[in-house]
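In full-length UniProt numbering, the protein residues as written are 1 to 269. Heads up, the thing below is written out as structure tokens.
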Amino acid sequence: MHSDQHAGLWLKTAAWGGLVFLHFPIVIIALYAFNTEESAFSFPPKGFTLHWFSVAFGRADVLESIGLSLKIASLATAIAMVLGTLAAAAMYRRSFFGKDSITLMLILPIALPGIITGLALLQAFQAMDIQPGILTIVIGHATFCVVIVYNNVVARFRRTSGSLIEASMDLGADGWQTFRYIVLPNLGSAMLAGGMLAFALSFDELIVTTFTAGHEKPLPIWLLNQLTRPRDVPVTNVVALMVMLATMVPVFLAYLLTRGGDDVAGSGK
């Protein structure tokens with residue numbers, strides 16, 4: 001009993017230590033977002049102010065970058081939800097030659113390093129004589145956002161009993177009615193959770209955006225450029241805090257939608 005308690009204490013200590021290690025930099029950014037001008041570069045902070053929030057949201061470049069990132073993330077998420085759901089519907093029930101290879105190609109963009117994906121997309125766009133811009137960013141983000149939606153939806157499909165669809169058809173429902181009253185209600189939360197995660201991933205994606213943005217400056221690139229401007233550090237911290245909150249909210253909501261084990265999200269068995 002003593003050894004079990006000792007092991008439990010050790011594991012708890014290691015777990016809390018890992019959490020502190022991961023989140024300490026985030027806490028520092030949050031503290032500096034409220035830091036006074038006089039102590040902007042000192043630690044620990046010597047004052048508390050909301051001045052930098054008004055400065056940040058009064059700058060046109062910040063608002064333009066935020067608006068552009070929201071637009072890109074929304075478009076990429078919409079494309080991913082359509083393609084990811086259709087791919088999941090096509091793959092989950094049918095067995096055919098090459099299915100495993102197609103599945104691998106579907107999930108490959110999320111597994112590849114971002115720099116490889118970005119470089120490959122840039123060369124593909126150049127080969128097709130497509131100039132980098134909003135369109136190329138959206139396409140680049142959609143390539144890995146599709147994977148997020150696909151994984152969520154195909155897991156739900158695997159837990160949707162085929163007998164429900166068969167019963168609906170036997171009772172006289174046509175394809176649209178079966179989809180509307182049987183399939184869609186079962187997929188709704190999985191699609192929404194996948195869309196939220198895809199939006200969060202797209203909103204703060206930097207590496208693929210760097211290769212596909214051209215002259216556009218969405219929020220991640222704006223933040224990267226701010227590193228060369230030390231006097232704007234307080235404003236940068238405020239925007240970084242807003243980005244963290246903007247990505248944490250959809251992730252948390254997706255967690256709430258998909259928690260509950262096999263009945264909701266599926267365990268992949």
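No residue lacks a Cβ here, since even glycine has one placed at the ideal position from N, Cα and C.
Note on geometry: alpha-carbon atoms of V251 and A240 lie some 17 Å from one another. V20 and L164 have their C-alpha atoms some 47 Å from each other. With a threshold of 16 other beta carbon atoms within 10 Å, I148 meets it and is buried.
Where V149 is concerned, the enclosing alpha helix (DSSP H) starts and stops at I134 to R158.
Relative to the Cα of L253, the nearest Cα in the group A193, L86 and M91 belongs to A193.
When secondary structure is reduced to three states using DSSP, F21 falls in the helix class.
The C-beta distance from G47 to V146 rounds to 46 Å, too long to fall under 8 Å, and the pair is not in contact. Within the same chain, no Cβ atom closer than 6 Å to the Cβ of L9 is found once the five residues on either side in sequence are excluded. Per DSSP, N35 lies in no alpha helix (DSSP H) and is assigned neither H nor E. Sequence-distant partners of T212 (beyond 5 residues in either direction) whose C-beta falls short of 6 Å from its own C-beta, in its chain, are L121, P132, T136, I137 and G140. The shortest C-alpha to C-alpha distance from A30 to any of P185, M242 and L171 is the one to M242. With contact defined as three or more Cβ pairs closer than 8 Å, the segment 104-112 and the segment 232-239 are not in contact. Judged by pairs of C-beta atoms under 8 Å, the segment 94-102 does not touch the segment 183-197, as fewer than three such pairs exist.
Under the three-pair Cβ rule at 8 Å, the segment 205-225 counts as touching the segment 63-70. Classified as buried, F203 has 16 or more neighbouring CB atoms from the shown chains inside 10 Å of its CB. Within its own chain, the residues whose Cβ lies closer than 6 Å to the Cβ of A80, once the five positions on either side in sequence are excluded, are A142, C145, V146, V149 and A198, listed in chain order.
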